[in-house]
Amino acid sequence: MDKSLKNILIGTGFGVTLFFLLMNLSKVGLFLIAIVRLLQPIFIGAIMAFVLNVPMQHLQRLLQKLYKKYRKKDTDAKAVSFALTLILLLAVIVITCMTIIPQVASSLISIGKLIQEHIPIWISQLKQFPEATALLEYLEETMMSEDLYSAIGSNVSSMLGSIVSGIGSFADVLINLLMAFVIMSYLLLDKDNVKRQFRKLFEAYLPPNVSEYLLHAGKLLCEIYASFLSGQFLEAVILGGLMWLAFTLFGLPYAGLVAVLTGLLSFIPYVGSFVSCAVGAFIIFMISPVKALISIIVFQIVQFIENQFIYPRVVGGAVGLSALWTLIAVLIGGKLFGIIGMIFFIPLEATAYTLLGQAANKRLVNINK
17 MDKSLKNILI
27 GTGFGVTLFF
37 LLMNLSKVGL
47 FLIAIVRLLQ
57 PIFIGAIMAF
67 VLNVPMQHLQ
77 RLLQKLYKKY
87 RKKDTDAKAV
97 SFALTLILLL
107 AVIVITCMTI
117 IPQVASSLIS
127 IGKLIQEHIP
137 IWISQLKQFP
147 EATALLEYLE
157 ETMMSEDLYS
167 AIGSNVSSML
177 GSIVSGIGSF
187 ADVLINLLMA
197 FVIMSYLLLD
207 KDNVKRQFRK
217 LFEAYLPPNV
227 SEYLLHAGKL
237 LCEIYASFLS
247 GQFLEAVILG
257 GLMWLAFTLF
267 GLPYAGLVAV
277 LTGLLSFIPY
287 VGSFVSCAVG
297 AFIIFMISPV
307 KALISIIVFQ
317 IVQFIENQFI
327 YPRVVGGAVG
337 LSALWTLIAV
347 LIGGKLFGII
357 GMIFFIPLEA
367 TAYTLLGQAA
377 NKRLVNINK
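Read in order, the letters of the sequence shown are residues 17 to 385 in this note's numbering.
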């Protein structure tokens, strides 16, 4: 077949396919959603493997050094490091359930009681405004009306149906998690073989330059993400511990809740610290406005110490992004995929940034020759 005719046929086929997709966007969207739901256990398992691969690699290197020191074969280093990673994960979950969760639950219960105590005060303050008085009277009449009680009674059956469907959904979640665990285990234990299969597939069906570029990009993404995740996790633990210690020393309430919130949200640069500070101050404000102001000052002092002395040494230039590009990654990731997107888009953008820089440097070298 003539090369020009082949290009025309390929271009025509691409145009027809694109036109069909644009004319059926809703159906295409539903099809993609169905595919994502079908492959959900695979995606979850791959993400879990990606995350747990970081501590597993550290443990495997440590075991290989020990095996080498004692002149033993390291054939089972991967299996042992996988088992130790699962034990470590289980230990973290158990410690969290036994120590952190009860404190957070106790704090949330006390916050609920505080809100109940403050509702009459807020209502009395709102009644000072004529517009709010009319709204409150309407709400009181609605809440006490018989129509509301009859509506609640008629919805009992639908509520029971929702409970039954919720149980079914919970069973589906358990099945998906079990399948995801199996996929994660396979990927972690047989990751070298999986890498070889992908390399073989790329080299067989892609041009050599494209294949090498994709493999290089994938390796770079894994390295940046592993560095970001390990450093950020350690930094979150240190920051949460410092925040708990500072709040405890200054006699501020909800030290455990604020510390956990600060540690979790520290994975989201800039936005996380602002949200945790604002939420902590708002909760403490219901007890004492003065303590709320002190909590903001203490929070900012701890945050300053962390930014100046801890973060550069623990995380450092793990992702190699400036503050502007990091903020852009947080905004785009949050807009597209929420909190998960805020976290995952930082190493993803760092990879793209590094690849673009490498391509630009290579191009400049070729120009200057």
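Even glycine gets a Cβ: it sits at the ideal position worked out from N, Cα and C.
Just so we're clear, the structure is a prediction, and the values are computed from it rather than from any experiment.
{"Check": "Proximity below 7 Å, CB of I317 to CB of A308", "Outcome": "no"}
{"Check": "CB of L255 within 7 Å of CB of S282, strictly", "Outcome": "yes"}
{"Check": "The segment 208-224 / the segment 340-350 touching (three or more Cβ pairs under 8 Å)", "Outcome": "no"}
{"Check": "Counted within 10 angstroms of its Cβ, other Cβ atoms place Q132 as buried (16 or more) or exposed", "Outcome": "exposed"}
{"Check": "Span of the alpha helix (DSSP H), counted from its first residue to its last, around C388", "Outcome": "Coverage of the chain is limited to positions 17 through 385, which leaves residue 388 absent and any answer about it impossible."}
{"Check": "Alpha-carbon to alpha-carbon, K351 and N384", "Outcome": "41 Å"}
{"Check": "Exposed unless 16 or more other CB atoms sit within 10 angstroms - verdict on P363", "Outcome": "buried"}
{"Check": "Backbone CA spacing between F59 and I355 [nearest angstrom]", "Outcome": "17 Å"}
{"Check": "Span of the alpha helix (DSSP H) around D208", "Outcome": "207-221"}
{"Check": "Helix, strand or coil at S338 [DSSP, three-state]", "Outcome": "coil"}
{"Check": "Pairwise C-alpha distance: F66 and P285", "Outcome": "21 Å"}
{"Check": "Reduced DSSP category for S227 - H, G, I as helix; E, B as strand; rest coil", "Outcome": "helix"}
{"Check": "Three or more C-beta pairs below 8 Å linking the segment 93-108 and the segment 235-250", "Outcome": "no"}
{"Check": "Beta-carbon contacts of Q56 that lie in its chain and below 7 Å, excluding the five residues immediately before and after", "Outcome": "N192"}
{"Check": "Buried or exposed by the 16-neighbour rule on C-beta atoms within 10 Å, applied to F361", "Outcome": "buried"}
{"Check": "Local conformation of Q316 per DSSP, three classes", "Outcome": "helix"}
{"Check": "C-beta contact flag for T278 and M259 at 7 Å", "Outcome": "yes"}
{"Check": "The alpha helix (DSSP H) enclosing M64, as first and last residue numbers", "Outcome": "56-85"}
{"Check": "DSSP three-state assignment for I284, whether helix, strand or coil", "Outcome": "coil"}
{"Check": "Exposure of L54, with buried meaning 16 or more beta-carbon neighbours within 10 Å", "Outcome": "exposed"}
{"Check": "Among N69, M358, G29, nearest to K207 - alpha-carbon criterion", "Outcome": "N69"}
{"Check": "DSSP state of Q119 mapped onto helix, strand, coil", "Outcome": "helix"}
{"Check": "Proximity winner among M72, P223, Q248, relative to L203 (alpha-carbon distances)", "Outcome": "M72"}
{"Check": "Contact set for Q319: own chain, Cβ-Cβ below 6 Å, skip 5 residues either direction", "Outcome": "S289"}
{"Check": "CA-to-CA distance, I24 to G31, given in whole angstroms", "Outcome": "10 Å"}
{"Check": "Nearest-angstrom Cα separation, counted from K85 out to F244", "Outcome": "30 Å"}
{"Check": "Coil, strand or helix - Y369 by DSSP", "Outcome": "helix"}
{"Check": "Buried versus exposed, by CB contacts within 10 Å (16 or more), P224", "Outcome": "exposed"}
{"Check": "Alpha carbon of I49 to alpha carbon of N40, nearest angstrom", "Outcome": "14 Å"}
{"Check": "Counted within 10 angstroms of its Cβ, other Cβ atoms place K94 as buried (16 or more) or exposed", "Outcome": "buried"}
{"Check": "S311 and A297 closer than 7 Å at C-beta", "Outcome": "yes"}
{"Check": "Same chain, Cβ closer than 6 Å to N377, five either side skipped, listed in chain order", "Outcome": "none"}
{"Check": "Anticipated Cβ contact below 8 Å, G272 with Q80, distance rounded", "Outcome": "Their Cβ separation, rounded to whole angstroms, is 39 Å, which puts G272 and Q80 out of contact at 8 Å."}
{"Check": "Spatial distance of G357 from A366 (CA atoms)", "Outcome": "14 Å"}
{"Check": "Where M195 falls: helix, strand or coil (DSSP)", "Outcome": "helix"}
{"Check": "Cβ-based burial, A121 [other Cβ within 10 Å; buried from 16]", "Outcome": "exposed"}
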